[in-house]
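Engineer: Below you'll find the structure I mean.
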Amino acid sequence: MPIILQYLYRTLLHLCKSMFVGVSILAGLMSGPTFAAENSSYILERAYWQDDSTLADFDTAQKQIYRPYQGDLSRGYTDSAHWVRLRIAASERPLGLRITPAWLDEVTVHDPLSPAFTVKVGDHHPVHKTIFRALGHTIELRPHNSPRDIWLRLETTSTHRLHLEVQSTDELAWSITQEIFWASVHSAILLLMLVVLMSAWWVQRDRILGAYLLRHISFAYYGFAFLGMPNLLLSDWLPPAFFDNAFSISVTTTIFLGARFDSAFLSTYNPNPTLLKLFKAASWLSLGLLVLFLMGYERLALQLTIHSLQIIIVLLLAVAWSCKPDASVVQLIPRRVMLGYYFVLMGVLFFALLGIVGWMQNEAWTLYILIVHGMVTGLAMTVMLFLRGQRQTLENQRTEWKLQKAQKDIQLEQQRRNEQSQFLNMLMHELKTPLSVVSIALGTRGNRAENLALAGQAVQEMKTIIERCVQADRMGEIDLKQTIEKIDLQQMIDQLSQVIPGLKDRLQLNFPTIAELNSDRQLFQIVLSNLMDNAARYSDPLTPIEIDLKPHREQDQDGLSLFISNTPGVAGWPDSELLFNKFYRSSGAQRESGSGLGLFLAQHLAKSLRGRLSYRPTHHLVQFELWLPLNPI
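In this note's numbering, each residue carries its 1-based index in the sequence shown increased by 244.
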């Protein structure tokens, strides 16, 4: 995992371990524009009247009978307009009226003390009309020495949810500062989560993680717009209608992308197929409502979107409960963790929606449940997906290792079979000629001594082939036991020249006065006999075979280099790339008996003796260099 990703993840974990940050945000939001204000609130009474015609003017509205209410006004989605009457306490200094949430379309304020003073605020109007640039709307009220009434008219395509505060302008400024601070913390957490998710997706390229990344991008904008951040920061560059439409569209896209993620995530847990299909259909229905919104039926589209979200939550919980995951999925995120996540957090969301649709009268703090819920669920799911990605990466690495091991085993088995086939072919080819010689010698009555000599030579060739096969097979052993002793090279070469056909009369030695080294006699003799036998067998029979011995220091050890050279014969020059491969024989060497194991065997034994065997051809000679330490460590 990249270091930057680990750092971001640790940062996010610290935030999760300090989950009270989310609660602090909620408390901060409430302590600023909500609860702290109520402790110093100048509002003595709240009452509302519903104007079904939406045509009543201020004079008509003043004469109506108003119904008292407490806390926030929550009337759900309606085509009506709502008038609110506030009884304001006496004050010798100017007061500030705070109106939230920021996404209300239009709120008109009427103050009888100033009949000409009518102010319209909302996300259909520029922010600069308010006395403070805030996450919401603020209006200055004149001081008065006795309690008085003001009226507000609310008309919006979104849910009719109205939170009102009246404070001194100093208290209002402090409340706005607090709210902007906590909203900035909320935004910073969302952006950090976005960076972590993008980094994790870039590394893992996981389909489910990608689906959640899209959902988080949409929710991040929804959270910003819910608090009024885009209006506050960008109102000088973009028209108010842009923020209104962008927020409404973000509601639909967040629901749709969230449902698409949930369907992709839960599909790995083997849910009930019918319930999953119903859930997917409901998610597409929520996206279809966006078309209704774009056609101009904004209020109906938003109302149906919230109701579709309620249906989606119920179906989502049913799908989650029906899951019967495989063991491999449970290892990533256990079923009980998945169920706990959905039932607790989706239950809270469903409760919050009851206030949005107007089915229950909510307290002021419930206004912020949606964004705090979204942040908490985002933190929880981000951590879950990150842990899932880590575990999946480990599982993929484990699977890849098993696959590589299986492929290696297959290659080794294929190599073993190829070697076995080559061995049998070589054995049949090389034993055929000596067996034929033995058969002819034994079947011929005349020249008995000569025939027995030929048969003996053929038997010796077969013994040599079998011996080399056995020696090559010993190369597979972990270690070859060695007995180190002093070896007289001159004496060993003389002995070998007596038993290798066609070598004694052609051998030319260039040795120093003393030619001795310490090594394993048996292994060294096998290496040397293979090299001398090759030189005698495949060289021009009319040319000499030279053996030169030179002192040479290598690998920080004193040693001897033995050069064995011969002129190429009928077999020609060997292939330097394949020369030391098992069973390799050049096309020109096929007429001579041999196993193709001599040089392969010699090179491996030279390594066992802490030395090396190399092919060093000159312009005219086939030459091998055997280097061995004088005293092996």
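Yeah, the Cβ is synthetic: ideal placement off N, Cα and C, and Gly gets one too.
Along the chain, where does the alpha helix (DSSP H) that runs through residue 875 open and close?
Structural biologist: Run containing residue 875: none; DSSP gives neither H nor E here.
Engineer: Which partner residues does residue 340 have in the DSSP bridge list?
Structural biologist: BP columns for residue 340 point to 384 and 411.
Engineer: Can you give the Cα-Cα distance for residue 314 and residue 290, rounded to whole angstroms?
Structural biologist: Each residue's alpha carbon lies about 7 Å from the other.
Engineer: What would DSSP say about residue 585, mapped onto helix, strand or coil?
Structural biologist: In the structure shown, residue 585 sits in a helix (DSSP, three-state: H, G or I).
Engineer: Short of 8 Å in beta carbon distance, which residues of its chain neighbour residue 455, apart from the five on each side in sequence? Order them along the chain.
Structural biologist: 501, 504, 505, 508 and 509, listed in sequence order.
Engineer: Assuming residue 532 is part of the alpha helix (DSSP H), what are its boundary residues?
Structural biologist: From DSSP, the alpha helix (DSSP H) with residue 532 extends over 517-538.
Engineer: Would the stretch 387-406 and the stretch 329-341 be scored as touching if the rule is three or more Cβ pairs under 8 Å?
Structural biologist: These segments touch.
Engineer: Is it right to say residue 563 is buried, meaning 16 or more other beta carbons lie within 10 angstroms of its own, or is it exposed?
Structural biologist: Residue 563 should be labelled buried.
Engineer: Using CA atoms only, rank isn't needed, just tell me which of 554, 568, 549 and 631 is closest to residue 593.
Structural biologist: With distances taken between Cα atoms, residue 593 lies closest to 554.
Engineer: In the DSSP assignment, what residue or residues form a beta bridge with residue 801?
Structural biologist: Beta-bridge pairing links residue 801 to 798.
Engineer: DSSP three-state label for residue 282, please.
Structural biologist: Residue confidence is low: residue 282 scores 44 on pLDDT, short of 50, so the model does not pin down where it sits. No coordinate-derived value is stated.
Engineer: Looking at the secondary structure, which residues open and close the beta strand (DSSP E) in which residue 294 lies?
Structural biologist: 287-295 is the extent of the beta strand (DSSP E) around residue 294.
Engineer: If you drop the 5 nearest sequence neighbours on each side, which residues of the same chain put their C-beta closer than 7 Å to that of residue 764?
Structural biologist: Cβ within range, chain order: 726, 727, 728 and 853.
Engineer: Determine whether the beta carbon atoms of residue 326 and residue 295 lie at a separation below 9 Å.
Structural biologist: Yes, they are a contact pair.
Engineer: Within 10 Å of its beta-carbon, does residue 328 have 16 or more other beta-carbons around it, so buried, or fewer, so exposed?
Structural biologist: Flag for residue 328 reads buried.
Engineer: At the level of alpha carbons, what is the spacing between residue 414 and residue 624?
Structural biologist: Roughly 38 Å separates the two Cα atoms.
Engineer: Please tell me whether residue 785 and residue 746 are closer than 9 Å, where the distance is taken between their beta carbons.
Structural biologist: In contact: residue 785 and residue 746 (Cβ atoms closer than 9 Å).
Engineer: Taking only the alpha-carbon atoms, compute the straight-line gap between residue 781 and residue 771 and give it to the nearest angstrom.
Structural biologist: Rounded to the nearest angstrom, the two C-alpha atoms are 15 Å apart.
Engineer: Measure the C-alpha to C-alpha separation of residue 287 and residue 311 and round it to an integer number of angstroms.
Structural biologist: So the two alpha carbons sit approximately 16 Å from each other.
Engineer: Pairs of beta-carbons, one from the stretch 473-489 and one from the stretch 360-370, closer than 8 Å: are there three or more?
Structural biologist: Yes, the stretch 473-489 touches the stretch 360-370.
Engineer: What separation, rounded to the nearest whole angstrom, lies between the Cα atoms of residue 383 and residue 616?
Structural biologist: The alpha-carbon atoms of residue 383 and residue 616 are separated by roughly 27 Å.
Engineer: Taking a contact to mean a Cβ-Cβ separation below 9 Å, would you say residue 320 touches residue 466 in this structure?
Structural biologist: No, Cβ-Cβ distance for residue 320 and residue 466 is not below 9 Å.
Engineer: Hey, residue 317 and residue 404: beta-carbon distance below 9 Å or not?
Structural biologist: Yes, the pair counts as a contact, with Cβ atoms nearer than the cut-off.
Engineer: Between which two residues does the beta strand (DSSP E) containing residue 332 stretch?
Structural biologist: Its beta strand (DSSP E) spans residues 325-332.
Engineer: I need the straight-line Cα distance from residue 761 to residue 778, nearest angstrom please.
Structural biologist: Between residue 761 and residue 778, the C-alpha separation is close to 23 Å.
Engineer: Reducing DSSP to helix, strand and coil, say where residue 752 ends up.
Structural biologist: Residue state, collapsed to three classes: strand.
Engineer: Is residue 447 helix, strand or coil by DSSP?
Structural biologist: Note: residue 447 maps to helix in three-state DSSP.
Engineer: For residue 862 and residue 799, what's the separation of their Cα atoms in angstroms?
Structural biologist: When rounded, the distance between both Cα atoms is 25 Å.
Engineer: Run the CB neighbour count on residue 644, radius 10 Å, all protein chains shown included, and call it buried at 16 or more, exposed below.
Structural biologist: Under this definition residue 644 is an exposed residue.
Engineer: Hey, quick one: how far does the beta strand (DSSP E) through residue 395 stretch, first residue to last?
Structural biologist: Here the beta strand (DSSP E) through residue 395 covers 392-399.
Engineer: Where does residue 194 land, buried or exposed, given buried means 16+ other C-beta within 10 angstroms?
Structural biologist: Given a span of 245 to 877 for the chain in the structure shown, any question on residue 194 remains unanswerable.
Engineer: Since residue 733 and residue 793 are thought to touch, with beta carbons under 8 Å apart, how far apart are those beta carbons, to the nearest angstrom?
Structural biologist: Contact holds; Cβ gap of about 7 Å.
Engineer: What does DSSP give as the partner residue(s) for residue 565 in the beta ladder?
Structural biologist: According to DSSP, residue 565 bridges with nothing at all.
Engineer: Exposed or buried, residue 570, counting other C-beta atoms within 10 Å across all chains shown (16 or more means buried)?
Structural biologist: Exposed: under 16 other Cβ atoms inside 10 Å.
Engineer: Is the beta carbon of residue 774 less than 9 Å from the beta carbon of residue 789?
Structural biologist: No; because the gap between Cβ atoms is not below 9 Å, this pair is not in contact.
Engineer: Who are the Cβ neighbours of residue 266 in its own chain at under 7 Å, not counting the five residues just before and after it?
Structural biologist: Model confidence at residue 266 stands at a pLDDT of 49, short of 50, so the residue's coordinates are unreliable and nothing is read from them.
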